[in-house]
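If you're matching positions, the sequence shown starts at 0 in numbering that gives the first Met the number 0 and goes up one per residue. The beta-carbon is built from N, C-alpha and C at its ideal position, and this holds for glycine as well. Here the structure is laid out as structure tokens; the discussion comes afterwards.
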Amino acid sequence: MGVSPRVYQFLVSIFASLGSLLYGYDLGVVAEVVAAPSFLAQFGDNSTKTGLVVSLFTVGAFFGAFWAGPCGDYLGRKWTIFIGGAIFILGGAVQTGAQDYSYMFGGRFVAGLGVGALIMIIPLYQAELAHPSIRGRITALQQFMLGVGNLIAAWVSYGTYISFEDDDSAQWRIGLGLQILPALFLTSLILLFPESPRWLIHHGRSEEGLVVLAKLHARGNDQDDFVQEEYNAITAAVEYEKEHAAKSYAELFKTRSSFRRLITALSLQASVQMSGISAIQYYSPDIYGQIGISGSDTFMFQGFNAIVALA
């Protein structure tokens, strides 16, 4: 291997974080789509339907996160990322070629299914590949790449708005179509990367798990002290989990301790979205318009906001 193990882990994690970039890109680009004059001219200015265009993506993501867990346990982390990316490509293609609101509704929901799965499974994949000393930085890539995606979308939106006439559907189709490219890149190459060693060991493929650990942490030396220590720790943890594993989701509600932990976890995740940041992002052109900023300036200010958010 030409690079150090930790650099290799970091590069793999950046690549996997393209799934987070897709989510961030959507946050930015759909705001331009539903505000584009060419979109409103073709589809009609219906606030209820444009609201559905925005919200059906998050509805799809809700269900996508649900199926990603069992799929990740059964098929593996890599295949779940592949499937999530493929679903997103399908949804993105339907949106890009949409002729009426029904296409947009379906495309948004399907793309949300894909992103929901990716956002759920990618941090797990990253954490299971990373060395403990860089695990925090690597899992933080999810939020960073989300910001990068939002930044790209904001300036793509500005560029398409000023480059195309208000009767040209390219004004909004290009932004939607570009989201397919990183998803294609992700799905094309993810199967070439290593599977989670923890998943391999959990499924009785211990030798393969050891080989992956050696590749990740010791340039292929499976006798390295850290590799052996990590292998033994994962094996012990897997055996413990198999002995004490919950039989179904219903067990989360059977004891006060489990239920309290569930509520704590859900509250932490929900509080991020309940701040309203996604709603502000989706409707930022309208918000800017209400304070006197109009036309291309709304998308320019959205771009500046994305820069500040990333910084």
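Restricting to Cα atoms, I'd like to know which of the options is closest to residue i.
i, options, result
"residue 180", "91, 23, 248 and 267", "91"
"residue 191", "6, 176, 11 and 3", "11"
"residue 134", "254, 9 and 23", "9"
"residue 74", "5, 290 and 199", "199"
"residue 44", "95, 6 and 100", "100"
"residue 247", "4, 257 and 178", "257"
"residue 121", "112, 97, 111 and 71", "71"
"residue 142", "271, 297 and 5", "271"
"residue 224", "233, 213 and 307", "213"
"residue 138", "23, 95, 125 and 255", "125"
"residue 194", "42, 6 and 78", "78"
"residue 164", "38, 7 and 6", "38"
"residue 178", "297, 42, 32 and 130", "32"
"residue 65", "93, 94, 112 and 230", "112"
"residue 40", "98, 60 and 69", "98"
"residue 186", "89, 60 and 292", "89"
"residue 294", "161, 235 and 254", "161"
"residue 233", "130, 69 and 68", "130"
"residue 268", "61, 36 and 240", "61"
"residue 277", "67, 237, 68 and 145", "145"
"residue 42", "279, 96, 2 and 68", "96"
"residue 159", "289, 306 and 36", "36"
"residue 264", "240, 251 and 274", "251"
Do residue i and residue j have their CB atoms nearer than 8 Å?
i, j, result
"residue 63", "residue 28", "no"
"residue 55", "residue 107", "yes"
"residue 176", "residue 156", "no"
"residue 30", "residue 283", "yes"
"residue 104", "residue 52", "yes"
"residue 123", "residue 172", "no"
"residue 81", "residue 189", "yes"
"residue 285", "residue 34", "yes"
"residue 314", "residue 4", "Missing from the structure shown is residue 314; the chain here goes from 0 to 310 and no further."
"residue 309", "residue 147", "yes"
"residue 127", "residue 197", "yes"
"residue 109", "residue 102", "no"
"residue 281", "residue 297", "no"
"residue 211", "residue 220", "no"
"residue 149", "residue 24", "yes"
"residue 209", "residue 230", "yes"
- Item | Sufficient close CB pairs (3 or more, under 8 Å) joining the segment 200 to 219 to the segment 79 to 98 | no
- Item | Sufficient close CB pairs (3 or more, under 8 Å) joining the segment 159 to 172 to the segment 47 to 67 | no
- Count the C-beta pairs between the segment 116 to 131 and the segment 14 to 21 that are closer than 8 Å, then say yes if the count reaches three, no if not. yes
- Taking only runs that begin and end inside the segment 33 to 64, name each unbroken alpha helix (DSSP H) of 4 or more residues, in chain order. 36 to 42
- Message: Quick check for students: name the residue ranges of the alpha helix (DSSP H) that lie wholly in the segment 86 to 116, counting only runs of 4 or more.
- Response: none
- Query: Any chance the segment 148 to 155 sits against the segment 296 to 308, with 3 or more Cβ pairs inside 8 Å?
  - Reply: yes
- Secondary structure, alpha helix (DSSP H): runs of 4+ residues fully inside the segment 120 to 203: 134 to 138, 140 to 162, 169 to 177, 179 to 188 and 196 to 201
- Which runs of the alpha helix (DSSP H), 4 residues or longer, sit entirely within the segment 277 to 310? 283 to 289 and 295 to 309
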